[in-house]
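Note sheet for the following structure.
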Amino acid sequence: MSLLTVDELVVDHRTPGRPAVRAVAGASLSVAAGEVVGLVGESGCGKSTLARAVCGLTAATGGTISFEGGPVTRLGLRRRDRSLTKIQMVFQDPYASLNPRRRIGAQIADGLETARDRDTTPGGMLERVGLPGGMAGRYPHEFSGGQRQRIAIARALAARPSLLIGDEPISALDASAQAQVATLMRNLAVESGAGLLFISHDLSVVRLIADRIAVMYLGKIVETGATAEVWANPRHPYTQALLRAIPEPDGLGRLPEELPGDVPDPADPPPGCRFHPRCPMAMDICSEKEPDPGPVSCWLYPPA
Amino acid sequence: MRPHSGIRVLSRLPEAWRQPLAVVGGVVAVAWLLIAAAAPLLAPHDPLAQDLPRLASPGPGHWFGTDQLGRDILSRIMYGARVSIPLTLLLVVLSLLIGGALGACAGYFGRWVGEGIMRLADLVFAFPTVILAMVVAAALGASLTNAVLAVLIVAWPSYARVTRGLVLGMREREFVLSGRLLGFSAWRSLRVDVLPNVTGPILVLATLDIGTALLLLSGLSFLGLGAKPPSAEWGAMVASGVEVFDSWWVATFPGLAILTVVLAFNFLGDTLRDALDPRTARAIKERAL
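As you go down the protein sequences, you meet chains A and B in turn. Using the numbering used here, the letters of the first sequence map in sequence onto residues 48 to 351. Using the numbering used here, the letters of the second sequence map in sequence onto residues 12 to 300.
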């Protein structure tokens, strides 16, 4: 049984006086224990909204999210349910993810308290993420972005999550720190037996750490599959375009191909397949009917 | 603004506090606090004794002159500091606590409680401050306590509004959400993550507000809605001076006392604001170099 199952999730962002923006429009996804799933897609495609909904930070308009067999409820003013503290998240901005007024040791201790862990010290958690344990008495401003992200990982892991979510945790970091932090997240999650949902728009890093990859476009998951398989044989035209857009450092002088056009407004999505206005292989049916969800959601690969 | 700015304040304070206005504000404010504390030792006369010549102009023996009842104005100003300054500070602290608590609840918990609190604040904002304070003070009856209460009623909404805005912005910050994800109750999240990060700007507001509150409090006494004779209160002293306009010193010196305190605390508030804002702090530093 999978750890997390997201089924036909719909999330609308409502602003009074404007039409609702459907950020996630029927996305299905699952993460098994000990599995690393990479969720990729362009900016604004709904990746972060999906992650927030899984944590209960955003209310789902439709569909279901179940975690360890129970539903995920919206986090309101009440204390988060103890079973749901097994889902922890590492956020994007390392400069906003730690309380500037508290020592990092105290913030990691909050995580240990959540897990009722009296044996581990904050210093011990810091050592697990590759920082000296003696730094627990310092304040966040004394650390670099990469170090802060490690501290945020230590705090999340201290709560002994069975599902760790990284919401673009590396996109604000230096290139040199990106692979390090991503690999660290993978190793620590896998070591502790937790599932990891890693959201990124950086495909080369996702390829490095993910067992399975899910490609999201305009609120829908268009293709899922084992990372190596998707990499070797991308089937959805959008996945193919994403992969072609990665620069290849092989010295052959090939320039990455750009995917023409922009992501349409999620408040007013195109009819039929959401990708058809930008798709080089669009057929008549693409603008009329939406393809069925599946490993590949595309009319080029009709369900058998 | 980087989130750690608050922490670095201590190391930034020196540059901001070395500005001339900051020094003047600090010296004047401290001087007034000392005068208030040591008035019985410093005052040359009994502030209530009516044994000097009436309406004597400033000169040796009574440097600020005497009033129409033969009381030494310098001594009365010194004793007046013991009335006005502690009451003003108390007033500002109370309105900060009340307005801050209501604003924080409105910002964090939102919904209809927050809406209710903010509409109440808007109601108070809709009236001109002095008029509303006069109405309240007059309705409660003229006394210094009621004047404080009246100013409190008109002063809390600005704290509520500022606190609410700051809390609203802070509530969605990622470290606050992280705390909630770890299972913090709303109360703990507010206390541990939100409030410590919004105190800076609210303290600036409070410091700037000290001058306004003193002015309003003396204003009510000036209008006869605050301190009662014969107590030495600056606003009431200005009022009695207006009756004897030829003897300019009777009204001028207590007026100057109010002016200096208001200016001093405004300078201090400006300084605190500059010190807390990393951009101005940097600008001051660069100018100093």
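In this text, a Cβ means the ideal position worked out from N, Cα and C, and glycines have one as well.
Nearest to residue i (by Cα), restricted to the options the options
i	options	result
M136(A)	G213(A), Y264(A), R291(A) and V252(A)	G213(A)
T263(B)	V205(B), G152(B) and D78(B)	D78(B)
E59(B)	F75(B), V39(B) and G81(B)	In the sequence as displayed, the identity of residue 59(B) is Leu instead of Glu. The option with the nearest alpha carbon to L59(B) is G81(B).
E337(A)	M328(A), P317(A) and P327(A)	P317(A)
S77(A)	A206(A), P66(A) and T111(A)	T111(A)
G123(A)	K239(B), A217(B), F256(B) and L192(B)	L192(B)
E254(B)	F233(B), L270(B) and I269(B)	F233(B)
N146(A)	P187(A), F138(A) and R325(A)	P187(A)
L113(B)	R182(B), R172(B) and K239(B)	R172(B)
G308(A)	A288(A), W346(A) and S191(A)	A288(A)
C92(A)	A241(A), A236(A), A261(A) and G81(A)	A261(A)
C320(A)	L231(A), S334(A) and G171(A)	S334(A)
L134(B)	R202(B), L201(B) and I164(B)	I164(B)
Cross-chain neighbours of residue i in chain B, by beta carbon under 8 angstroms
i	result
G158(A)	L193
T132(A)	L192, L193 and G194
R202(A)	S189 and L193
Proximal chain A residues relative to residue i, where beta-carbon distance stays under 9 angstroms
i	result
A197(B)	G123, L124, R125 and R126
N277(B)	Residues of chain A passing the Cβ test: none, with the nearest at roughly 28 angstroms.
F120(B)	L124
Residue(s) in a DSSP beta bridge with residue i
i	result
E270(A)	V262(A) and V343(A)
D54(A)	T111(A)
I18(A)	With chain A running from 48 to 351 in the structure shown, residue 18(A) is simply not present.
R254(A)	DSSP, once it has assigned bridges, lists no residue as partnering R254(A).
E117(A)	It should be noted that the sequence gives Gly, not Glu, for residue 117(A). According to DSSP, G117(A) bridges with F114(A).
V84(A)	L244(A) and R259(A)
D59(A)	R69(A)
G70(B)	H73(B)
Under 7 angstroms by beta carbon: chain A residues contacting residue i
i	result
E185(B)	F138, D140, A143 and S144
P207(B)	R148
D204(B)	N146
Interface residues of chain B facing residue i [CB-CB closer than 7 angstroms]
i	result
L104(A)	L188
Q135(A)	L192
R321(A)	Those do not exist, as R321(A) stays about 29 angstroms from chain B at its closest Cβ, beyond 7 angstroms.
T161(A)	L193 and G194
Nearest-angstrom Cβ-Cβ length linking residue i and residue j, presumed shorter than 8 angstroms
i	j	result
A27(B)	A33(B)	7 angstroms
L225(B)	T99(B)	4 angstroms
A229(A)	I217(A)	5 angstroms
S344(A)	K267(A)	7 angstroms
L243(A)	L220(A)	With a Cβ gap of about 17 angstroms, L243(A) and L220(A) do not count as contacting.
A201(A)	A162(A)	Actually they do not touch by this definition, with Cβ atoms about 13 angstroms apart.
T271(B)	V39(B)	6 angstroms
A238(B)	V94(B)	7 angstroms
G110(B)	P168(B)	6 angstroms
R291(A)	T274(A)	The Cβ separation is near 17 angstroms, so there is no contact.
Limits of the unbroken alpha helix (DSSP H) element including residue i
i	result
Q154(A)	I151 to T161
V104(B)	I84 to F120
L32(B)	P31 to L53
Y170(B)	L155 to R182
K94(A)	K94 to C102
E238(A)	A222 to E238
N280(A)	First-last for N280(A): undefined, no H or E at that position.
E254(B)	W245 to E254
R175(A)	P169 to R175
E215(A)	Per DSSP, E215(A) belongs to no alpha helix (DSSP H) and is neither H nor E.
A106(A)	Note, A106(A): premise wrong, no alpha helix (DSSP H); not H, not E.
Residue range of the unbroken beta strand (DSSP E) whose run includes residue i
i	result
F245(A)	G242 to S247
A205(A)	Not the beta strand (DSSP E): A205(A) falls in the alpha helix (DSSP H), residues G192 to A205.
L76(A)	V68 to V78
Neighbouring residues, chain B, relative to residue i (Cβ below 9 angstroms)
i	result
A206(A)	L192, L193 and G194
R129(A)	G194
T271(A)	Ordered by position in chain B, no residue passes the 9 angstroms Cβ test against T271(A), which lies about 26 angstroms from the chain.
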